[in-house]
Amino acid sequence: VNAWGYVTVGYVLVFAALFAYAVHILVRGRSLSKQVPPERRRWM
Amino acid sequence: LIEPEATVPAHTGSRATRLLGLVTLAGAAIVLVLALVVTGPDAVQGDAARLIYLHVPVAIAMNVGFGLCTLGSLMYLWKKSRWWDTVAVSAAEVGLVYTGLTLITGMIWGRPTWGVYWTWDARLTTFSLLFLLYLGYLVVRHLPADMDVRNRRSAYVALLAFIDVPIVYLSVSWWRGLHQSATLSLSSTISGMMLFTLVVGIVVALMSFLWFLVHRFRVAWLEDEVELAGLDLAIAERRAEAGIVDVTPAPAEATS
């Protein structure tokens, strides 16, 4: 059995999922930031 | 010291997260080259073993996430600190994403190695239970409740869910199954270039986890700020209905 197909699918899926999750978090962060006044946007 | 309003960014990024993101991306590129080109196939499993450089690193990042969630929950119950509660929920969500990736890469690896994508092996069963437990944590988190009640309730659920983490790790020792024993342990035989690539993969996975954690923490903090602002507005409106003229929302009270 040629395993390269499984390896390729595995790597593509992981990187695509992480990329999609990163985009989701960044977009949500931008959207929420606009709803919160600057003086309350400090979290540390 | 208070930063001028114009310099407060309307996003969750910072110079540190941008640098971390760039280093992580460069590290991911190095891992790809090491895992797919430089390191040779395994003597037994052949090229399918290249999935180990994904599967094990995301599993370790997942464990760090659930460990942090437990720490954050314990600290919340002790200190009643909003900061620790935000750490807990952020780590749980990012940890859950890495759990999903561990499951997917494990299933893909299982097909050429075991002949099946899924079997009710002890490791796989306890692992899928772990996924469901932390999914449940996030569901509980979204149940409508007062913020303090929500935080306390989800902290207890997190402590309950973490019980499965050591069971998952020890399941390959406690029960016989298809899953191989722990890749990284005192008795493991991985060495040379394979070990080096795996270690680099783990470092990069942990860096990516940190990047996600910081951004998710800030998103969770902003979510609570929006919720608190909504509560303040509702209170101000009720006060106005009761005859108090000033409808300007009072500053939200954040715990800690």
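Respectively, the protein sequence lines represent chains V and S. Sequential numbering of the first sequence, starting at -6, is according to my numbering. Sequential numbering of the second sequence, starting at 23, is according to my numbering. The C-beta atom is built at its ideal place from N, Cα and C for all residues, glycine as well.
Check, Outcome
"Should A(-4) of chain V be flagged as near chain S, meaning a C-beta pair shorter than 8 angstroms?", "yes"
"Check whether the Cβ of H201 of chain S lies closer than 7 angstroms to any heavy atom of the ligand SAH, and answer yes or no.", "Among the components of this structure there are no ligands whatsoever, and the ligand SAH is therefore not found."
"Inspect the beta-carbon positions of F239 of chain S and S112 of chain S and report whether they are closer than 8 angstroms.", "yes"
"Would you report the Cα separation of W140 of chain S and A38 of chain S, rounded to the nearest angstrom?", "40 angstroms"
"Do P79 of chain S and G223 of chain S have their beta-carbon atoms positioned less than 8 angstroms apart in this structure?", "yes"
"Tell me where the alpha helix (DSSP H) around D246 of chain S begins and ends.", "214 to 263"
"Could you have a look at G35 of chain S and say whether DSSP puts it in helix, strand or coil?", "coil"
"Do you know how far the Cα of V29 of chain V is from the Cα of R21 of chain V?", "13 angstroms"
"Could you compute how far the alpha carbon of N67 of chain S sits from the alpha carbon of W131 of chain S?", "Residue identity differs from the one stated: residue 67 of chain S is Gln in this sequence, not Asn. One C-alpha to the other measures close to 10 angstroms."
"Answer yes or no: does any C-beta atom of chain V fall closer than 8 angstroms to that of S193 of chain S?", "no"
"Any idea if A71 of chain S is buried or exposed, counting beta-carbon neighbours within 10 angstroms, 16 or more meaning buried?", "buried"
"What number of angstroms, rounded off, separates the C-alpha of L152 of chain S from the C-alpha of V187 of chain S?", "7 angstroms"
"Any residues in the region 1 to 12 of chain V with a beta carbon nearer than 7 angstroms to a beta carbon of chain S? Which ones, in chain order?", "V2, G3, Y4, L6, V7, A10, L11"
"In whole angstroms, give me the CA-to-CA distance for S195 of chain S and A144 of chain S.", "10 angstroms"
"Whole angstroms are fine: how far does the CA of V119 of chain S sit from the CA of I52 of chain S?", "22 angstroms"
"Check whether chain S comes within 8 angstroms of V16 of chain V, counting only Cβ atoms and requiring the distance to be less than that.", "no"
"Can you check whether the C-beta of G223 of chain S is within less than 8 angstroms of a C-beta belonging to chain V?", "no"
"Name the chain V residues whose beta carbon is nearer than 7 angstroms to that of G68 of chain S?", "A(-4)"
"Roughly how many whole angstroms lie between the Cα atoms of R23 of chain V and A242 of chain S?", "12 angstroms"
"Give the DSSP-derived three-state secondary structure of G117 of chain S in the structure shown.", "helix"
"Flag this pair as yes or no: are the beta carbons of L125 of chain S and V0 of chain V separated by less than 8 angstroms?", "no"
"Within 8 angstroms of any Cβ in chain V, is that where the Cβ of V119 of chain S sits?", "yes"
"Would you decide whether H17 of chain V is buried or exposed? Buried here means 16 or more other CB atoms lie within 10 Å of its CB.", "exposed"
"If you compare alpha carbons, which of S:L244, S:T148, S:Y98 is closest to R175 of chain S?", "S:Y98"
"Could you tell me the boundaries of the alpha helix (DSSP H) in which K101 of chain S lies?", "74 to 101"
"By how many angstroms is the C-alpha of T127 of chain S removed from the C-alpha of G199 of chain S?", "18 angstroms"
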